[in-house]
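Beneath this line is the structure, given in C-alpha coordinates, with notes to follow.
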Amino acid sequence: MRGALTGADRDRDRALVGAAGGTVLLDEIGELPLALQPVLLRALENRTVRPVGGTRHHPIDVRILAATHRDRRIEVNRKRFRADLYYRLHVLRIELPPLRKRPGDIAVLAEHFWRTFRPDAEPPPELIAELVAQPWPGNVRELRNAIERATASAAPAAAPRPAQSYVEAKAQAIDDWERGWVEQLLAAHHGNLSRAARAARMGRSHLRQLARRHLPACDPDAEPDDV
1 MRGALTGADR DRDRALVGAA GGTVLLDEIG ELPLALQPVL LRALENRTVR PVGGTRHHPI
61 DVRILAATHR DRRIEVNRKR FRADLYYRLH VLRIELPPLR KRPGDIAVLA EHFWRTFRPD
121 AEPPPELIAE LVAQPWPGNV RELRNAIERA TASAAPAAAP RPAQSYVEAK AQAIDDWERG
181 WVEQLLAAHH GNLSRAARAA RMGRSHLRQL ARRHLPACDP DAEPDDV
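Quick note: the sequence shown uses this note's numbering, first residue 1, plus one each step.
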(Lines of atoms letter the chains of each structure in order from A and count residues from 1; the text may use other names and numbers.)
(Lines give C-alpha, C1' and ligand atoms only; values in the text may rest on other atoms or scores of the structure.)
Protein backbone atom coordinates (compact mmCIF):
# COMPACT_ATOMS: atom_id res chain seq x y z
CA MET A 1 0.00 0.00 0.00
CA ARG A 2 1.07 3.60 -0.47
CA GLY A 3 3.53 4.68 2.23
CA ALA A 4 4.13 1.15 3.53
CA LEU A 5 7.73 1.04 2.29
CA THR A 6 10.35 3.45 1.06
CA GLY A 7 9.46 4.33 -2.52
CA ALA A 8 5.88 3.08 -2.23
CA ASP A 9 4.31 6.20 -3.71
CA ARG A 10 1.07 4.52 -4.77
CA ASP A 11 -1.05 1.45 -4.16
CA ARG A 12 0.05 -1.46 -6.31
CA ASP A 13 -2.04 -4.22 -7.80
CA ARG A 14 -1.69 -7.60 -6.12
CA ALA A 15 -1.17 -10.53 -8.46
CA LEU A 16 -3.46 -12.96 -6.63
CA VAL A 17 -6.23 -10.36 -6.42
CA GLY A 18 -5.79 -8.98 -9.91
CA ALA A 19 -5.99 -12.46 -11.43
CA ALA A 20 -9.45 -13.11 -9.97
CA GLY A 21 -11.23 -15.80 -11.93
CA GLY A 22 -8.03 -16.70 -13.78
CA THR A 23 -4.76 -18.56 -13.34
CA VAL A 24 -1.51 -17.59 -11.60
CA LEU A 25 1.69 -19.38 -12.61
CA LEU A 26 4.31 -19.60 -9.87
CA ASP A 27 7.36 -20.32 -11.99
CA GLU A 28 10.28 -22.08 -10.27
CA ILE A 29 8.41 -22.42 -6.98
CA GLY A 30 11.46 -24.18 -5.55
CA GLU A 31 13.34 -20.88 -5.50
CA LEU A 32 10.83 -19.33 -3.08
CA PRO A 33 12.69 -18.44 0.16
CA LEU A 34 11.76 -20.42 3.25
CA ALA A 35 10.70 -17.22 4.99
CA LEU A 36 8.05 -16.57 2.31
CA GLN A 37 6.73 -20.11 2.05
CA PRO A 38 4.39 -19.85 5.07
CA VAL A 39 3.05 -16.57 3.66
CA LEU A 40 2.08 -18.31 0.43
CA LEU A 41 0.69 -21.28 2.33
CA ARG A 42 -1.49 -19.02 4.47
CA ALA A 43 -2.83 -17.23 1.38
CA LEU A 44 -3.70 -20.54 -0.28
CA GLU A 45 -5.31 -21.98 2.85
CA ASN A 46 -7.34 -18.89 3.75
CA ARG A 47 -7.98 -17.79 0.15
CA THR A 48 -7.21 -14.25 1.24
CA VAL A 49 -4.24 -11.87 1.11
CA ARG A 50 -3.39 -8.71 3.02
CA PRO A 51 -1.21 -6.17 1.20
CA VAL A 52 1.89 -4.80 2.94
CA GLY A 53 0.78 -1.75 4.89
CA GLY A 54 -2.89 -2.67 4.63
CA THR A 55 -5.34 -3.68 7.34
CA ARG A 56 -7.98 -5.48 5.28
CA HIS A 57 -7.78 -8.97 3.83
CA HIS A 58 -8.81 -9.36 0.20
CA PRO A 59 -10.42 -12.59 -1.03
CA ILE A 60 -8.72 -14.41 -3.89
CA ASP A 61 -10.30 -16.68 -6.46
CA VAL A 62 -7.55 -18.08 -8.70
CA ARG A 63 -6.21 -21.36 -9.98
CA ILE A 64 -2.57 -21.91 -8.98
CA LEU A 65 -0.03 -23.57 -11.26
CA ALA A 66 3.37 -24.15 -9.64
CA ALA A 67 6.30 -25.09 -11.88
CA THR A 68 9.77 -26.32 -10.93
CA HIS A 69 12.65 -28.28 -12.42
CA ARG A 70 13.60 -29.77 -9.04
CA ASP A 71 12.23 -32.79 -7.21
CA ARG A 72 10.16 -31.23 -4.42
CA ARG A 73 10.22 -34.41 -2.31
CA ILE A 74 14.01 -34.29 -2.15
CA GLU A 75 13.86 -30.60 -1.26
CA VAL A 76 11.38 -31.36 1.52
CA ASN A 77 13.66 -34.07 2.93
CA ARG A 78 16.55 -31.61 2.87
CA LYS A 79 14.46 -29.01 4.73
CA ARG A 80 14.64 -26.59 1.81
CA PHE A 81 10.91 -26.68 1.14
CA ARG A 82 8.07 -26.85 3.62
CA ALA A 83 6.22 -30.16 3.63
CA ASP A 84 2.85 -28.51 4.31
CA LEU A 85 3.22 -26.19 1.33
CA TYR A 86 4.35 -29.10 -0.84
CA TYR A 87 1.24 -31.12 0.00
CA ARG A 88 -0.98 -28.05 -0.42
CA LEU A 89 0.33 -27.52 -3.95
CA HIS A 90 0.59 -31.21 -4.84
CA VAL A 91 -3.04 -31.70 -5.86
CA LEU A 92 -2.47 -32.72 -9.45
CA ARG A 93 1.06 -33.41 -10.73
CA ILE A 94 1.93 -33.01 -14.39
CA GLU A 95 5.42 -33.96 -15.51
CA LEU A 96 6.62 -32.16 -18.62
CA PRO A 97 9.55 -33.98 -20.28
CA PRO A 98 12.45 -31.91 -21.65
CA LEU A 99 12.08 -30.67 -25.20
CA ARG A 100 14.54 -33.25 -26.53
CA LYS A 101 12.12 -36.02 -25.46
CA ARG A 102 9.14 -34.47 -27.25
CA PRO A 103 10.46 -33.55 -30.70
CA GLY A 104 6.92 -33.33 -32.01
CA ASP A 105 6.50 -30.07 -30.10
CA ILE A 106 9.57 -28.38 -31.60
CA ALA A 107 8.04 -27.50 -34.97
CA VAL A 108 4.83 -26.21 -33.36
CA LEU A 109 6.74 -24.03 -30.91
CA ALA A 110 9.19 -22.83 -33.56
CA GLU A 111 6.39 -21.72 -35.87
CA HIS A 112 4.65 -19.97 -32.98
CA PHE A 113 7.79 -18.06 -31.97
CA TRP A 114 8.58 -17.19 -35.58
CA ARG A 115 5.17 -15.58 -36.05
CA THR A 116 5.66 -13.72 -32.77
CA PHE A 117 8.79 -12.03 -34.15
CA ARG A 118 7.94 -12.03 -37.88
CA PRO A 119 4.15 -11.98 -38.33
CA ASP A 120 4.70 -10.77 -41.90
CA ALA A 121 6.47 -13.92 -43.11
CA GLU A 122 6.19 -17.70 -42.96
CA PRO A 123 9.03 -19.66 -41.28
CA PRO A 124 11.38 -21.32 -43.81
CA PRO A 125 10.75 -25.10 -43.93
CA GLU A 126 14.49 -25.83 -43.98
CA LEU A 127 14.91 -23.85 -40.77
CA ILE A 128 12.13 -25.79 -39.03
CA ALA A 129 13.67 -29.08 -40.15
CA GLU A 130 17.06 -28.02 -38.78
CA LEU A 131 15.54 -26.97 -35.46
CA VAL A 132 13.69 -30.27 -35.05
CA ALA A 133 17.00 -32.12 -35.33
CA GLN A 134 18.62 -30.17 -32.46
CA PRO A 135 18.79 -31.51 -28.83
CA TRP A 136 17.88 -28.18 -27.11
CA PRO A 137 19.51 -28.58 -23.68
CA GLY A 138 18.10 -25.15 -22.77
CA ASN A 139 14.58 -26.35 -23.62
CA VAL A 140 11.90 -23.93 -24.83
CA ARG A 141 13.76 -20.79 -23.78
CA GLU A 142 16.77 -21.77 -25.87
CA LEU A 143 14.52 -22.54 -28.86
CA ARG A 144 12.83 -19.15 -28.53
CA ASN A 145 16.20 -17.37 -28.51
CA ALA A 146 17.29 -19.30 -31.59
CA ILE A 147 14.13 -18.25 -33.41
CA GLU A 148 14.68 -14.63 -32.38
CA ARG A 149 18.21 -14.77 -33.86
CA ALA A 150 16.90 -16.35 -37.05
CA THR A 151 14.18 -13.75 -37.54
CA ALA A 152 16.67 -10.95 -36.93
CA SER A 153 19.02 -12.28 -39.59
CA ALA A 154 16.08 -12.77 -41.96
CA ALA A 155 14.93 -9.18 -41.58
CA PRO A 156 15.36 -6.77 -44.51
CA ALA A 157 18.91 -5.52 -44.69
CA ALA A 158 19.53 -2.05 -43.33
CA ALA A 159 21.10 0.64 -45.45
CA PRO A 160 24.86 0.09 -45.70
CA ARG A 161 26.91 2.05 -43.19
CA PRO A 162 30.09 3.93 -43.99
CA ALA A 163 33.29 1.94 -43.53
CA GLN A 164 33.95 1.43 -39.84
CA SER A 165 37.17 2.40 -38.18
CA TYR A 166 39.25 -0.21 -36.37
CA VAL A 167 37.89 0.92 -33.02
CA GLU A 168 34.28 0.80 -34.24
CA ALA A 169 34.71 -2.60 -35.89
CA LYS A 170 36.33 -4.00 -32.75
CA ALA A 171 33.56 -2.64 -30.54
CA GLN A 172 30.94 -4.16 -32.85
CA ALA A 173 32.66 -7.56 -32.79
CA ILE A 174 32.85 -7.50 -29.01
CA ASP A 175 29.21 -6.49 -28.77
CA ASP A 176 28.16 -9.36 -31.07
CA TRP A 177 30.21 -11.86 -29.06
CA GLU A 178 28.84 -10.54 -25.77
CA ARG A 179 25.25 -10.92 -26.94
CA GLY A 180 25.76 -14.54 -27.92
CA TRP A 181 27.56 -15.29 -24.67
CA VAL A 182 24.79 -13.79 -22.51
CA GLU A 183 22.15 -15.65 -24.50
CA GLN A 184 23.88 -19.02 -24.11
CA LEU A 185 24.66 -18.41 -20.43
CA LEU A 186 21.04 -17.69 -19.54
CA ALA A 187 19.78 -20.60 -21.65
CA ALA A 188 22.18 -22.97 -19.88
CA HIS A 189 20.75 -21.90 -16.51
CA HIS A 190 17.09 -21.85 -17.58
CA GLY A 191 16.93 -18.08 -17.34
CA ASN A 192 17.85 -18.05 -13.64
CA LEU A 193 19.80 -14.81 -13.31
CA SER A 194 21.39 -15.61 -9.95
CA ARG A 195 22.67 -19.05 -10.93
CA ALA A 196 23.95 -17.74 -14.26
CA ALA A 197 25.82 -14.91 -12.53
CA ARG A 198 27.44 -17.31 -10.07
CA ALA A 199 28.49 -19.64 -12.87
CA ALA A 200 30.03 -16.73 -14.77
CA ARG A 201 31.65 -15.35 -11.59
CA MET A 202 30.18 -11.93 -12.10
CA GLY A 203 27.77 -9.65 -10.29
CA ARG A 204 24.07 -10.35 -10.74
CA SER A 205 23.32 -6.66 -11.40
CA HIS A 206 25.98 -6.58 -14.12
CA LEU A 207 24.50 -9.63 -15.81
CA ARG A 208 21.02 -8.07 -15.63
CA GLN A 209 22.36 -4.96 -17.40
CA LEU A 210 23.88 -7.12 -20.14
CA ALA A 211 20.64 -9.07 -20.56
CA ARG A 212 18.63 -5.86 -20.87
CA ARG A 213 21.08 -4.47 -23.42
CA HIS A 214 21.44 -7.53 -25.63
CA LEU A 215 18.13 -9.37 -25.20
CA PRO A 216 15.40 -6.70 -25.21
CA ALA A 217 12.70 -9.34 -25.68
CA CYS A 218 13.77 -10.97 -22.42
CA ASP A 219 12.82 -9.26 -19.16
CA PRO A 220 15.44 -10.35 -16.61
CA ASP A 221 13.33 -9.00 -13.74
CA ALA A 222 10.62 -11.50 -14.70
CA GLU A 223 12.92 -14.49 -14.59
CA PRO A 224 13.20 -16.80 -11.55
CA ASP A 225 16.00 -15.90 -9.14
CA ASP A 226 17.88 -17.62 -6.36
CA VAL A 227 18.09 -15.91 -2.99
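Yeah, the Cβ is synthetic: ideal placement off N, Cα and C, and Gly gets one too.
When the beta-carbon positions are compared, LEU36 and ARG82 stay at least 8 Å from each other.
Counting every other CB atom within 10 Å of its CB across the protein chains shown gives TRP177 a total below 16, marking it as exposed. One Cα belongs to THR68, the other to LEU85, and the distance between them is close to 14 Å. In this chain, the beta strand (DSSP E) harbouring ALA66 covers 63-66. When PRO33, GLY54, LEU16, ALA20 are compared, the shortest CA-CA separation from GLY3 is found for GLY54. Between the C-alpha atoms of HIS190 and VAL91 there is a straight-line separation of about 25 Å.
The alpha-carbon separation between LEU44 and ARG10 amounts to approximately 26 Å. Per DSSP, reduced to three states, the secondary structure at HIS206 is helical. Rounded to whole angstroms, GLU31 and LEU193 show a C-alpha spacing of 12 Å. Per DSSP, reduced to three states, the secondary structure at VAL39 is helical. Its chain contains LEU99, LEU109 as the residues whose beta carbon lies nearer than 7 Å to that of VAL140, once the 5 sequence neighbours on both sides are disregarded; these appear in chain order. The beta carbon of ASP105 sits closer than 7 Å to the beta carbons of LEU99 from its chain, once the five residues preceding and following it are set aside; these are given in chain order. Note on geometry: alpha-carbon atoms of VAL132 and LEU215 lie some 24 Å from one another. The stretch 195-215 makes no contact with the stretch 163-172: fewer than 3 CB pairs, one atom from each, lie closer than 8 Å.
In this structure, DSSP gives VAL24 an extended state, which the three-state scheme calls strand.
Taking C-alpha positions only, GLN134 is separated from LEU185 by approximately 18 Å.
In this structure, THR23 sits near ARG63, with a CB-CB distance shorter than 8 Å. Rounded to the nearest whole angstrom, the CA to CA distance from HIS57 to VAL49 is 5 Å.
Looking at the backbone, the Cα of ARG72 and that of ARG93 are separated by about 11 Å. Closest in alpha carbon position to PRO123, among VAL76, ARG149, LEU16, is ARG149. With a minimum length of 4 residues, the unbroken runs of alpha helix (DSSP H) contained wholly in the stretch 64-117 fall at 72-77, 83-89, 104-117.
Residues LEU99, ARG100, GLU142, LEU143 of the same chain have their beta carbon placed closer than 6 Å to that of TRP136, with the five preceding and five following residues left out of the count.
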